[in-house]
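Whatever position you read off the sequence shown (first residue = 1), add 34 for this note's numbering.
Note that beta-carbon positions come from the ideal geometry of N, C-alpha and C, so glycine has one too.
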Amino acid sequence: MAVEILGYALTDRATWISYAGMSDMRIVFEDAEALLNQYGIIAVNPARHPHVNAFAAGISLRGCWAHRGRR
């Protein structure tokens, strides 16, 4: 819609990349502390939630904490 009305759009990097080449829009503002979108992940206690795949959760957490995952 922003393209159609010659407006601005606030979007995340993944969405921007997925629409690359579909319009002549350009980035006008990025890399500001105010735009930082932090999030957290936790593994639940498998003793309290036995249906959870604790092994896969551990692999996912280690991947996020690895150097490549933090970039």
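D65 and A43 have their C-alpha atoms roughly 15 Å apart.
Short of 7 Å from the beta carbon of V78, and not among the five residues preceding or following it, lie these beta carbons of its own chain, in chain order: V86.
Following the DSSP letters along the chain, one finds T49 inside the alpha helix (DSSP H) bounded by residues 47 to 52. Within the segment 49 to 102, the complete alpha helix (DSSP H) segments of 4 residues or longer fall at 88 to 99, listed in chain order.
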